[in-house]
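Chains as they are written, first to last, in this note's numbering: chain P, 96 to 489; chain A, 96 to 489; chain B, 96 to 489; chain S, 96 to 489.
4 protein chains.
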Amino acid sequence: MAYYRSKPTPGRHFLQIPGPTNVPDRVLRAIDNPTMDHRGPDFGRMAKALLEKLRLVFQTRGPVVIYPASGTGAWEAALTNTLSPGDRVLMCETGWFATLWKEMAERLGLVPEFIGTDWRRGADVAAIEARLRDDRGHLVKAVCVVHNETSTGCTSRIDEVRRALDAARHPALLMVDTISSLASMDYRHDEWGVDVTVAGSQKGLMLPPGLSFNAVSEKALRASETARLPRSFWDWKAMLAANATGYFPYTPATNLLYGLDAALDLLLEEGLPNVFARHDRHAEATRRAVRAWGLETQCADPRHHSSSLTAVRVPEGHSADALRAVILERFNMSLGNGLGQLRDRVFRIGHLGDLGDLQLMGTLSGVEMGLRAAGVPHRPGGVQAALEFLSGNA
Amino acid sequence: MAYYRSKPTPGRHFLQIPGPTNVPDRVLRAIDNPTMDHRGPDFGRMAKALLEKLRLVFQTRGPVVIYPASGTGAWEAALTNTLSPGDRVLMCETGWFATLWKEMAERLGLVPEFIGTDWRRGADVAAIEARLRDDRGHLVKAVCVVHNETSTGCTSRIDEVRRALDAARHPALLMVDTISSLASMDYRHDEWGVDVTVAGSQKGLMLPPGLSFNAVSEKALRASETARLPRSFWDWKAMLAANATGYFPYTPATNLLYGLDAALDLLLEEGLPNVFARHDRHAEATRRAVRAWGLETQCADPRHHSSSLTAVRVPEGHSADALRAVILERFNMSLGNGLGQLRDRVFRIGHLGDLGDLQLMGTLSGVEMGLRAAGVPHRPGGVQAALEFLSGNA
Amino acid sequence: MAYYRSKPTPGRHFLQIPGPTNVPDRVLRAIDNPTMDHRGPDFGRMAKALLEKLRLVFQTRGPVVIYPASGTGAWEAALTNTLSPGDRVLMCETGWFATLWKEMAERLGLVPEFIGTDWRRGADVAAIEARLRDDRGHLVKAVCVVHNETSTGCTSRIDEVRRALDAARHPALLMVDTISSLASMDYRHDEWGVDVTVAGSQKGLMLPPGLSFNAVSEKALRASETARLPRSFWDWKAMLAANATGYFPYTPATNLLYGLDAALDLLLEEGLPNVFARHDRHAEATRRAVRAWGLETQCADPRHHSSSLTAVRVPEGHSADALRAVILERFNMSLGNGLGQLRDRVFRIGHLGDLGDLQLMGTLSGVEMGLRAAGVPHRPGGVQAALEFLSGNA
Amino acid sequence: MAYYRSKPTPGRHFLQIPGPTNVPDRVLRAIDNPTMDHRGPDFGRMAKALLEKLRLVFQTRGPVVIYPASGTGAWEAALTNTLSPGDRVLMCETGWFATLWKEMAERLGLVPEFIGTDWRRGADVAAIEARLRDDRGHLVKAVCVVHNETSTGCTSRIDEVRRALDAARHPALLMVDTISSLASMDYRHDEWGVDVTVAGSQKGLMLPPGLSFNAVSEKALRASETARLPRSFWDWKAMLAANATGYFPYTPATNLLYGLDAALDLLLEEGLPNVFARHDRHAEATRRAVRAWGLETQCADPRHHSSSLTAVRVPEGHSADALRAVILERFNMSLGNGLGQLRDRVFRIGHLGDLGDLQLMGTLSGVEMGLRAAGVPHRPGGVQAALEFLSGNA
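Structure follows, in structure tokens:
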């Protein structure tokens, strides 16, 4: 029964939206330590060590900038640090969040081109390559892709996008949003030649919202020297200068940094490969449940299934939001809603962050009980299917 | 991943032993407030209000003594405050904890008579009545019964025991251990004419261990005036005198009292009838799962099933402890072990305290996955059976 | 001994920098509640109530925007929502933070004019008025003042600035930074006709850093409709639209909002007039100690003394930073450092936020012991002087 | 402003009673971890390591028993494990707590002899030796001394008591109450030949109340084999058997054990000699303040001054309780009250546990401001005297 619940709800709330995720006690207990002097020696020591550990999660040897701001801010930082008014950027309409990023680019005075999909798969790599080959004058300054589209549960193949840029011999920057994939799914900033990776705290990093990140390549840093979009809060330069000694150019979100420190320890103690395998396994169990129920995942391409969330389509004539309301009311579980064109058509199961097998089973049980309680046509047995998969693979 | 776990274990630990139970965040957040002056005015105000609320849970208008000690101490308090060396007490061998209480009585210099059972049902009320009728000289000074035997999952009918005493017109005190039933199952100190109710903090009261309780009748208070067992720490007299103004004769466990205050609020906000109905429902779901697996509950009498835990027998030739070890290792869940003659023969599922439907489904999933992983013969489908029951009754 | 201290330091750390301030336990205990669904019904209820309470602290009936970002961001938000590239803004060089805000304006493509001071008093109101009277063409689009300059402990008289604008009949927007004054010193957004008030969480609001605020007048809202600085993250429009029902256009910093809710309750329970009187009293006690030590406050104008911090000048030939290092090392207290031209020349005592008389006495004792330990010339007796003042006025 | 305060009180409460003491955040944050299975493997590992560390604090190589009960219980444990009905025990009336222990002995059926003092010094060692030399028949089975009498601030010289027993060649057991000295003042169970050391969690161990301890010598263990006082909850035998593998015979106070683990780490990181020196220094500073105020300490023998608390006598015709009420109301600090014959005649300043110099200065400032506010005759300057002492010795 949580403090901010409006009615008595025995047992823990199941927060199974695709982020914010369930924050581990060890992280909450770090966050609630007394705030310290962000200009004192202990802070510097903590932050320097933290910035080192953080690189491991991005799989980069380069710098990672931490903003005391939520994830949307890191989108803005990626664009304003590297681009100039009127610059052309190639973006991929993989879903709702890709669309928001594109709208942001427009508001900032950039000129996005938007390569469509049916919102049921990742970015269209062939189309990207084709467009870049066409762009003989290299007017396109950046290619922006959402690694894991949180609104659809479809993953884009960043390795393939990289190969597309290379094949087209195009110098555009590659910017990738990993807000709902980082620290849940394998992601390789350096190996995949990404120039700016955008991330947030409240998903795989298992923190409350309030921190966001830019991992930055050498090439992106060079671009920032001539980029002319106005920027101050988001500016990398002062950040990187101050970070060198473990400090920040303006007040950092100290207590969330305590939590980040604890969360990174948790991830590194488990081991990133184990973290990724766990998410893959839970995603597969979830898809087996969905299939057993006779329902359809929003993601239609098996190569693009997300390991951090599964969006499930409800049958025509039924309301995903009504289903979610029943599940919240009767089973004390929050699921993600459909966004944009998927409004009321899908519900989204988050299975990322600090999650064990039994919590996943509780989650899937809540969905199956909810389908039944809300009168959504389905076959029983999804929970049983997931259980069989998991016990064969624990 | 809990702080004191020796290896990384993503997700929350499922603490499904029959107590200590999962402590709600609101209670943990109360306990970690700074300790206050237990002789100051704010403390007195808090404690007076607390002692009032506490009576509601015992369903009594009489006093409830709070010890800064764990539950075993409250057994000792019940005996030493009311009895004298050599006194005869009638006790009921319902299982391991009843046996421990009887051994305590012996160590304290009392003379227990022990009415046996096969550890598969509650106390034998007919035998109690018969023994009391035989006791023309009223040598038996107290009848001691465990309301909910935590080692077997069998409940004794306290209302019937009361009627047995009345039918035999016997003046013995009635003492009842409600350690694993209070605040989970309906229990009526006043209506059932109980003289001393023994309880602890770490089960239905949803606190960590460290507090224990005696609810005391007028008759028990009178008995304490002549009782000659030596006592000091446990003595009711100084307690009740100090409690009248909200204080304690020696340092109380202040921070656990903060937690008790929060826990009582949670229970009263939910409403005791709802709390009991929730436990009944979860117990029924659990038994349906057990039946679907083709396993047997330790409790063999349907009138005596506990609503706070279910002890499950493993088939001959299989080890309950090996099963529990697999479940702990692979699914991060603690179940209760078999005690005494049930060692390695049963595992015990705690479904009491702060528990919602989805946590119960996670729990039962862990059991079914464990049975499979440990190679314990069973039919699949227990989880599905529980799910069907719960969704029809949410 | 704090978790992130590098060596054992018994007792609580005294965090007496002028922010971040000591976060009350009740706020820390709110922040460490489990993160909730920011799109669910409970969140909306909480946020709507929160936004109402927040207005009381700004003394406004208009909207207050909450950013999931630290205070510097709210500066940027104030400028980008209301101004266009090349706009002229009149800013007041009251110290280091005013200078940073001015540099931000430049980086964003604005044209600041900077009215100087000797960093020992608040903004020069006569000069503002004179400049505005000169500006017949109303080229100046905004006047920006720091209410309480955290680098010097000098307060600017916002009421007088307002009168200056009125006297000059100038339509410029009035923007005020209250980062280190809000909820510590009397501040009246509506009455003083401020158009944008900038604030942060980590000072008088007693929260960790990570939230910032814009209180916005009707006039500022109208200005935002034509303002052409590019903006997206900071845009008021989407914020205000979503806030109407208790939601946010992108993920809010949920757990810091829990803390804000608790902090607002604390402030309103104490009563804002009591909060302000407490800060005034502590500031006066501090100044009496400084005077008794024979030292000088950085603020040279008695009408401009800050009630939230006191910057103290060290005698020529002595190092404020060496003094601070001794105090940190030997007495476990953090004081604020000198910034910009005051580097190593002043130390700053924060006496804002959640502070009682005895903590202030501990703070001043730490300063006096530090002066002695570091060999900084002074007369003893500052602590005694403060004590006498406080006991006459408790 | 604490959660359980009845009115808004900005700043932290100063809990300067001589225990319970201010619990460090790191300990509170340990205590609020989820309760774990006390029969599982992680618990056993934790408890085994904990029991090892605990010995260091008692300066013993023998066993230390931990009770899930507050300190008074450990008195009872010491007596009931080693003595038989009618046994004669030599006790020393050093103050209120020594008197309570003696009354407990009577209630348990023992026959205490009580060697008096004027409550202004430690135990009368010469009288102990004389009495033991007289006791040719060795009827005295135990000598019981309170190391640090919390009601008076007088310490008894345990090393001298040991020598008295040795000089008298008397085989009585030596039992020592260290409730308010352990982990604050040097105490050597083995070196001083103590047989049972009694301790509690809520003083120098910096925990909330709820745990208590018996350190047990070989000789005491042998005595327990024949001792005939009835006992069960307090019985060492089952405890020591279970402790061997890291477990307990009945449910331990798990969460307080988490806290104990953290508190022991804090003490050992600081180093016991540093802990003792810190307490000695704070006690000396306090006495200098008392002297400067022209007041008198209750302890009249300089060899017996306590380093963990100072009891201060108020001038005739003035009320210590009225003074304490003023200090609580106006300065948010709790001081200890006078007990027994010292009721309303003394106030007690606790300076033990997790305390730094600045908290002590805040404490003494609160006393001096309170003396002034309550109109208790005194000279000003106590705070200044303490400050001078501390800055010379930081």
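In this text, a Cβ means the ideal position worked out from N, Cα and C, and glycines have one as well.
Where does S/Thr340 land, buried or exposed, given buried means 16+ other C-beta within 10 angstroms? Residue numbering aside, residue 340 of chain S sits at position 245 when the fourth sequence is read from its first letter. Looking at its Cβ environment, which holds fewer than 16 other Cβ atoms inside 10 Å, S/Thr340 is exposed.
Extent of the continuous alpha helix (DSSP H) to which S/Asp375 belongs: Walking along the fourth sequence from the start, residue 375 of chain S turns up at place 280. For S/Asp375, the uninterrupted alpha helix (DSSP H) run begins and ends at Leu367 to Ala387, by DSSP.
Leaving out five residues before and five after S/Glu313 in sequence, what residues of the same chain have Cβ atoms less than 8 Å from its Cβ? On the fourth sequence, position 218 is the one that residue 313 of chain S refers to. Once the five neighbours on either side are set aside, the close Cβ partners of S/Glu313 are Gly157.
What residue range does the beta strand (DSSP E) around A/Met141 cover? Within the second sequence, numbered from 1, the residue matching residue 141 of chain A stands at position 46. Per DSSP, A/Met141 belongs to no beta strand (DSSP E); it is in the alpha helix (DSSP H), Pro136 to Phe153.
Within the same chain, show all residues whose beta-carbon is closer than 7 Å to that of B/Lys148, passing over the 5 residues directly before and after it, in chain order. In the third sequence, the residue the question calls residue 148 of chain B occupies position 53. Apart from the 5 residues on each side of it in sequence, B/Lys148 sits with its Cβ closer than 7 Å to the Cβ of Leu359 and Leu363 in its chain, given in chain order.
Consult DSSP for P/Ser429 and reduce its assignment to one of helix, strand or coil. By 1-based counting over the first sequence, the position of residue 429 of chain P is 334. When DSSP states are grouped into helix, strand and coil, P/Ser429 belongs to the strand group.
Measuring CA to CA, which of B/Thr250, B/Cys249, B/Val184 and B/Asp229 is closest to B/Ala267? To locate residue 267 of chain B, count along the third sequence from 1; it is residue 172. Restricting attention to B/Thr250, B/Cys249, B/Val184 and B/Asp229, the CA atom closest to the CA of B/Ala267 is found in B/Val184.
Using a Cβ cut-off of 7 Å (strictly closer), state whether S/Arg124 contacts chain P. Numbered from 1 along the fourth sequence, position 29 holds the residue referred to as residue 124 of chain S. For S/Arg124, the answer is yes, since a Cβ of chain P falls inside 7 Å of its Cβ.
Taking 7 Å as the CB-CB limit, is A/Phe328 close to chain S? The sequence position of residue 328 of chain A within the second sequence is 233, counting from 1. Put simply, the CB of A/Phe328 is near chain S, with a gap under 7 Å to one of its CB atoms.
Cutoff 7 Å: S/Pro105 Cβ touching any chain B Cβ: Within the fourth sequence, numbered from 1, the residue matching residue 105 of chain S stands at position 10. Chain B contact via Cβ: present.
What did DSSP end up calling S/Leu306 once you bin it into helix, strand or coil? Locating residue 306 of chain S in the fourth sequence gives position 211, where the first residue counts as 1. Coil.
Under 8 Å, with one C-beta from each stretch per pair, do the stretch 440 to 453 of chain P and the stretch 401 to 411 of chain P reach the 3-pair mark? Short answer: they touch.
S/Ala310 to S/Arg134 span [Cα, whole Å]: Counting from one through the fourth sequence, the residue named residue 310 of chain S turns up at place 215. Counting from one through the fourth sequence, the residue named residue 134 of chain S turns up at place 39. Rounded to whole angstroms, S/Ala310 and S/Arg134 show a C-alpha spacing of 24 Å.
Residue of A/Ala278, A/Ser246 and A/Ser251 minimising C-alpha distance to A/Lys298: Locating residue 298 of chain A in the second sequence gives position 203, where the first residue counts as 1. Residue A/Ala278 holds the alpha-carbon nearest to the alpha-carbon of A/Lys298 among A/Ala278, A/Ser246 and A/Ser251.
How about S/Met96: is its C-beta nearer than 7 Å to some C-beta of chain A? As a position in the fourth sequence, residue 96 of chain S is number 1, starting the count at 1. Any answer about S/Met96 is weak, because its pLDDT of 33 lies below 50 and its placement is not dependable; what the coordinates show is given next. By the rule that beta-carbons nearer than 7 Å mark a contact, S/Met96 does not touch chain A.
Residues of chain P with CB closer than 9 Å to the CB of A/Ser251, please, in chain order. Within the second sequence, numbered from 1, the residue matching residue 251 of chain A stands at position 156. Around A/Ser251, no beta-carbon contact reaches into chain P at under 9 Å, the shortest distance being about 26 Å.
Does the beta carbon of S/Asn350 come closer than 7 Å to any beta carbon on chain A? Within the fourth sequence, numbered from 1, the residue matching residue 350 of chain S stands at position 255. Closer than 7 Å: yes.
In three-state DSSP terms, what is P/Gly198? Translated into positions along the first sequence, residue 198 of chain P becomes position 103. Looking at the sequence itself, residue 198 of chain P is Glu, so the reference to Gly does not match. P/Glu198 falls in the helix class under three-state DSSP.
Within 10 Å of its beta-carbon, does S/Pro221 have 16 or more other beta-carbons around it, so buried, or fewer, so exposed? The residue labelled residue 221 of chain S in the question sits at position 126 within the fourth sequence. Looking at the sequence provided, one finds Ala at residue 221 of chain S rather than Pro. It counts as exposed.
Quick one: using the 10 Å Cβ neighbour count with 16 as the cut-off for buried, is S/Val478 buried or exposed? Along the fourth sequence, one-based indexing puts residue 478 of chain S at 383. S/Val478 is buried by the Cβ-count criterion.
Given the structure, does A/Gly445 come close to the ligand MG, in the sense that its CB is under 6 Å from one of the ligand's heavy atoms? With respect to the ligand MG, the structure offers nothing, as it holds no ligand at all.
Could you pull the DSSP bridge partners for S/Phe442 from this structure? For the purposes of this step, residue 442 of chain S is taken as the residue at position 347 of the fourth sequence. Looking at the DSSP assignment, S/Phe442 forms a beta bridge with S/Val407.
Counting contacts by CB-CB distance shorter than 7 Å, is B/Glu171 in contact with chain P? The sequence position of residue 171 of chain B within the third sequence is 76, counting from 1. At a cut-off of 7 Å between beta carbons, B/Glu171 contacts chain P.
Against P/Asp120, what residues of chain S qualify as contacts under a CB-to-CB distance less than 9 Å, listed in chain order? Position 25 of the first sequence, counted from the first residue, corresponds to residue 120 of chain P. Going along chain S in sequence order, the residues near P/Asp120 (Cβ under 9 Å) are Asp127, Asn128 and Pro129.
What separation, rounded to the nearest whole angstrom, lies between the Cα atoms of S/Ser276 and S/Tyr282? Here residue 276 of chain S corresponds to residue number 181 of the fourth sequence, with the count starting at 1. Here residue 282 of chain S corresponds to residue number 187 of the fourth sequence, with the count starting at 1. So the two alpha carbons sit approximately 8 Å from each other.
Run through chain A and tell me which residues come within less than 9 Å of S/Ile422, C-beta to C-beta. Locating residue 422 of chain S in the fourth sequence gives position 327, where the first residue counts as 1. For S/Ile422, there are no neighbours in chain A by C-beta distance under 9 Å, as the nearest C-beta there is about 11 Å away.
Quick test of your reading: S/Gly295 and S/Pro304, contact by CB under 8 Å. State the CB separation rounded to the nearest angstrom. In the fourth sequence, residue 295 of chain S corresponds to position 200, counting from 1. In the fourth sequence, residue 304 of chain S corresponds to position 209, counting from 1. With a Cβ gap of about 7 Å, S/Gly295 and S/Pro304 count as contacting.
With a threshold of 7 Å on Cβ separation, who are the neighbours of S/Gln436 within its own chain once the five nearest residues in sequence on each side are excluded? As a working note, residue 436 of chain S is residue 341 in the fourth sequence. Contacts found: Trp214.
CB-CB length for B/Leu203 against B/Leu227, believed under 8 Å: Start at 1 with the first residue of the third sequence, and residue 203 of chain B comes out as number 108. Start at 1 with the first residue of the third sequence, and residue 227 of chain B comes out as number 132. The Cβ separation is near 22 Å, so there is no contact.
Here's the rule I'm using: 16 or more other beta-carbon atoms within 10 Å means buried, otherwise exposed. How should A/Pro129 be labelled? Counting from one through the second sequence, the residue named residue 129 of chain A turns up at place 34. By the 10 Å Cβ count, A/Pro129 comes out buried.
Along the chain, where does the alpha helix (DSSP H) containing P/Val462 start, and where does it finish? Against the first sequence, residue 462 of chain P aligns to sequence position 367. The continuous alpha helix (DSSP H) containing P/Val462 extends over residues Asp452 to Ala468.
Hey, B/Ser486 and S/Met464: beta-carbon distance below 7 Å or not? For this step, residue 486 of chain B is matched to residue 391 along the third sequence. For this step, residue 464 of chain S is matched to residue 369 along the fourth sequence. Less than 7 Å divides the Cβ of B/Ser486 from the Cβ of S/Met464.
Alpha carbons only, please: which of A/Gly451, A/Gly389 and A/Asp230 is nearest the one belonging to A/Val471? Counted from its first residue, the second sequence places residue 471 of chain A at position 376. The candidate whose alpha carbon is nearest that of A/Val471 is A/Gly389.
Take A/Gly461 and list the residues in its own chain whose beta-carbon comes closer than 7 Å to its own, dropping the five residues that flank it on each side. One-based indexing of the second sequence puts residue 461 of chain A at position 366. Counting only Cβ-Cβ distances below 7 Å, and skipping sequence neighbours, we find Phe109, Ile422, Phe426 and Met428.
Where in the stretch 191 to 246 of chain P do unbroken runs of the alpha helix (DSSP H), each at least 4 residues long, occur, reported from the N-terminal end onward? Whole alpha helix (DSSP H) segments, 4+ residues: 191 to 202 and 220 to 229.
With a Cβ-Cβ cutoff of 7 Å, do B/Cys239 and B/Met280 count as a contact? Sequence index remark: in the third sequence, residue 239 of chain B carries index 144 (1-based). Sequence index remark: in the third sequence, residue 280 of chain B carries index 185 (1-based). Result no, Cβ atoms of B/Cys239 and B/Met280 do not sit closer than 7 Å.
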